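Only one structure is covered here, and it is reproduced in the block below.
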């Protein structure tokens, strides 16, 4: 490894400068005068909470958004990045969290997509393409054939293919959006090695991560974003506590305003021996032997690593997926398995982890989105009472303080936090008494986050209950009255009160995962 | 943008016209087309001719109302032309050849249409076939059955049902009345019924609809059954106009119906669509054909013009939506 020069201050010439950039979307100011300077041969960490404006900023550099105000400067000259092609021409490559790879094509074809080397006849020169791809793959130390189809690769390998693609573009600015979120610690080490080599070659890297320990290990400088503003530029050696303070900008205690009721009420939900195998019988267990209770007025957290089976359990409870063994009871009555409507009638509601693909009708008006789960209730004599729907939607949108231009506004145009309020509002209107919140504040700005937490308080005070799945550890710990920990499809522990600490949860989640030290797959293990 | 449109008096009539078309989408297009035809042909704006346009639009429009349901729920129905012919053939066969009472024959024809749609729906919802394939299969099966039942030749339509192709009071064509009634039913279904609202939800985001308690599979059955039922009505109206059920009738009508729906502003990716838009779409196609006939444009060139209008209409609608964002 040639690039282990952490102690040498990065001091190349300036590659890229962002000056006073502002960007507004309907109802939200995503960026508000952001400054950022990237030098050749440095790893510049972009730090900030979800909703702080990181994604908007890098999308801007990738050509997906254009700034309302401010300048982008590359090599000392002001530039406009209108498209991905513009970014490519300027030598800016971005590796997004969602990969831009075509599963049906080979590794080499993906690396050179749209830029395949041609023969004299204008046909694709496969031999040259594979040879060049092989060099690039060697550089990222990926031991797969250039002719292998991308569909068969694992997530870490896909990431390396993306990096190889960026290298093939001779990118001088490489933007990596949470590249370690889904990698094991071994894969993270490999990735760091490659990034260090790139740095030694003079590439400027903008690195987004939620894992504070990675900052000192890899970074040179850190720019902290908060509520769309760049609030500080500090060296990567800054102590973690200081970084948190910069990121959050206030005491963490008030960030999670949980007020638990004195005494929880009667059990609302009781799960016993729930289990499911993949495929049609005899597959690998997805989850097994899950048993727990949620009482009225309680918030129960479900923590664990990504892939521990939490979402699968939630979907099974709600009747979206089948289960093979066990029972789900609501108010002491057993629910029919695999029946969403029965679960809804019993008072369950699911706020799914991906609100865009599972929670919202993005192009439909808010009114339709809010009333979707109570369509049955609003239908009388075969006709839907549209006036009652409008009244109910207006009432709940007001109560949740949804920032919108009106109920006819399409859901797509709302900010993440307001979209999430719509999904939650849908279940309030359906009369749900037990809400399953799966990653309720992912991609939600700080202000809306606290509003959602306050809503959770209101609901539990009114006798409802919440089962909260979250990979954001401080959130689970801050908002739950009890925390259940899952690892590899099993419940491995329950923590309450004082004993529920980040360390205790991580210990259970990781140790029980059978030595797979996959700590990096747990987001937010950094904050607090 | 709207403020700018309000200041339109300052601009030329040409610019005003283009803006009006852009702003009002399909209706603007229809009005523009009517104005052009009225200028080009003296005979176009005559009352009798306009009623003719209505009659010509009727079968396409009734088919298209059914297809609107399917397209709103992000599906497609290629079988409606065949199902129309099959239903008409069943009515004629039952009444004329088997001597069943006419009302029984008509009910049987409607039932056959609904069942054909139900089968397509079952293939889509439970067999998980792509709607394109399932309804392509039904296109072939429906046409084949119509040929089998009729032996390949037209069957006389019962005269009492053939009145559906006549006029009321000697001037008001019944097909136009059936079209309006079907349109009102379609509008009511889309806007006010559970199934209608479910169509928009399924077409908008099927997974979100399912996770919000919409019984997606059952609704799809109903959606395709409705499409089949409307196709049966269209088939009966067509046969009534021709006074005989012809197994080879309505070939290719499914494409006109889909075109009408899309010209009317629905998106093939689902989640949007209106009965009024579909009616306008069918009228645009009918006005175009009628006008070109009056102008003695050859049938060959008419096809070219129809294609251009379909492309233009959808292009304009896309532009309009983009500017509204």
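Protein chains in written order, with the working numbering: chain X, 1 to 528; chain S, 529 to 853. Note that CB positions come from ideal geometry on N, CA and C, so glycine has one too. Nothing here was measured: the structure is a model prediction, and the numbers come from that model.
Cβ closer than 8 Å: which chain X residues qualify as neighbours of residue i?
i: residue 782/S; result: Result: empty, since nearest Cβ-Cβ is about 26 Å, beyond 8 Å.
Which residues in chain S sit within 9 Å of residue i, going by Cβ to Cβ distance?
i: residue 379/X; result: 721, 722 and 725
i: residue 68/X; result: The contacting residues do not exist; residue 68/X stays about 16 Å from chain S at best.
i: residue 24/X; result: Simply none; closest approach about 15 Å.
i: residue 129/X; result: Ordered by position in chain S, no residue passes the 9 Å Cβ test against residue 129/X, which lies about 33 Å from the chain.
Below 7 Å on C-beta distance, what does residue i contact in chain S?
i: residue 85/X; result: Those do not exist, as residue 85/X stays about 21 Å from chain S at its closest Cβ, beyond 7 Å.
i: residue 384/X; result: 720, 721, 722 and 725
i: residue 352/X; result: 739
i: residue 247/X; result: Under the 7 Å cutoff, chain S gives no residues; its nearest Cβ is about 32 Å from residue 247/X.
i: residue 344/X; result: 741
Taking DSSP as the reference, what is the three-state secondary structure of residue i?
i: residue 500/X; result: coil
i: residue 742/S; result: coil
i: residue 834/S; result: helix
i: residue 263/X; result: coil
i: residue 252/X; result: Reliability of the predicted coordinates at residue 252/X is poor, the pLDDT of 49 falling under 50, and the value obtained from them is presented with this limitation in mind. Coil.
i: residue 474/X; result: helix
i: residue 601/S; result: coil
i: residue 448/X; result: helix
i: residue 133/X; result: helix
i: residue 242/X; result: helix
i: residue 751/S; result: helix
i: residue 214/X; result: helix
i: residue 547/X; result: Residue 547/X is absent from the structure shown; chain X starts at 1 and stops at 528.
i: residue 257/X; result: coil
i: residue 292/X; result: strand
i: residue 31/X; result: strand
i: residue 703/S; result: helix
i: residue 762/S; result: helix
i: residue 695/S; result: strand
i: residue 207/X; result: strand
i: residue 494/X; result: strand
i: residue 616/S; result: helix
Along chain X, in chain order, which residues have C-beta atoms closer than 9 Å to that of residue i?
i: residue 572/S; result: Chain X residues near residue 572/S: none, gap ~38 Å exceeds 9 Å.
Run down chain S in chain order and give the residues with a C-beta less than 8 Å from the C-beta of residue i.
i: residue 425/X; result: Result: empty, since nearest Cβ-Cβ is about 12 Å, beyond 8 Å.
i: residue 341/X; result: 741 and 743
i: residue 357/X; result: 733, 735 and 736
i: residue 468/X; result: By Cβ distance, chain S contributes nothing, its closest Cβ being about 17 Å from residue 468/X, past 8 Å.
i: residue 320/X; result: 738 and 739
i: residue 361/X; result: 728, 729, 732, 733, 736, 737 and 799
Comparing alpha-carbon positions, which option in the options lies nearest residue i?
i: residue 473/S; options: 746/S, 680/S, 838/S and 710/S; result: A query on residue 473/S cannot be resolved here, the shown segment of chain S reaching from 529 to 853 and no further.
i: residue 238/X; options: 38/X, 447/X, 47/X and 417/X; result: 47/X
i: residue 23/X; options: 65/X, 43/X and 15/X; result: 65/X
i: residue 811/S; options: 830/S, 590/S and 687/S; result: 590/S
i: residue 273/X; options: 134/X, 317/X and 19/X; result: 317/X
i: residue 766/S; options: 573/S, 703/S and 621/S; result: 703/S
i: residue 197/X; options: 172/X, 361/X, 208/X and 184/X; result: 172/X
i: residue 602/S; options: 826/S, 794/S, 832/S and 780/S; result: 794/S
i: residue 215/X; options: 391/X, 127/X, 242/X and 227/X; result: 242/X
i: residue 398/X; options: 370/X, 90/X, 380/X and 387/X; result: 370/X
i: residue 797/S; options: 808/S, 659/S and 567/S; result: 659/S
i: residue 236/X; options: 62/X, 136/X and 213/X; result: 213/X
i: residue 291/X; options: 374/X, 327/X, 104/X and 98/X; result: 327/X
i: residue 674/S; options: 632/S, 637/S, 578/S and 605/S; result: 637/S
i: residue 218/X; options: 225/X, 208/X, 224/X and 226/X; result: 208/X
i: residue 377/X; options: 271/X, 426/X and 32/X; result: 426/X
i: residue 809/S; options: 587/S, 564/S, 667/S and 625/S; result: 587/S
Below 7 Å on C-beta distance, what does residue i contact in chain X?
i: residue 728/S; result: 364 and 368
Got a sec: does the ligand HEM put a non-hydrogen atom nearer than 6 Å to the Cβ of residue i?
i: residue 571/S; result: The ligand HEM is absent from the structure shown, which contains no ligands of any kind.
Practice task
Taking a Cβ distance cut-off of 8 Å, strictly less, list which residues of the region 364-377 of chain X are near chain S, in chain order.
Solution key: If you check each beta-carbon in the region 364-377 of chain X against every beta-carbon of chain S, the ones closer than 8 Å belong to 364, 368, 372, 373, 375 and 376.
Exercise for the section: Quick one: which residues of the region 731-764 of chain S get their C-beta closer than 8 Å to a C-beta of chain X? List them in chain order. Expected result: 732, 733, 735, 736, 737, 738, 739, 740, 741, 742 and 743
Practice task
Would you mind listing the alpha helix (DSSP H) stretches within the region 79-166 of chain X that are 4+ residues and don't spill past its ends, in chain order?
Solution key: Within the region 79-166 of chain X, the complete alpha helix (DSSP H) segments at least 4 residues long are 84-89, 107-111 and 126-139, listed from N- to C-terminus.
Exercise for the section: Please list the residues of the region 796-810 of chain S that have a C-beta atom closer than 8 Å to any C-beta atom in chain X, keeping them in chain order. Expected result: 799 and 800
Exercise for the section: Note down, one range per segment and in chain order, each beta strand (DSSP E) of at least 3 residues found wholly within the region 309-374 of chain X. Expected result: Annotation: the region 309-374 of chain X contains the following complete segments of the beta strand (DSSP E) (minimum length 3 residues), in chain order: 325-330 and 348-351.
Exercise for the section: Compile a chain-ordered list of the residues in the region 129-163 of chain X whose CB is closer than 7 Å to at least one CB of chain S. Expected result: Identification of residues in the region 129-163 of chain X having a C-beta nearer than 7 Å to some C-beta of chain S yields an empty set.
Practice task
With a floor of 4 residues, list each alpha helix (DSSP H) that falls wholly inside the region 412-448 of chain X, ordered by position along the chain.
Solution key: 416-429
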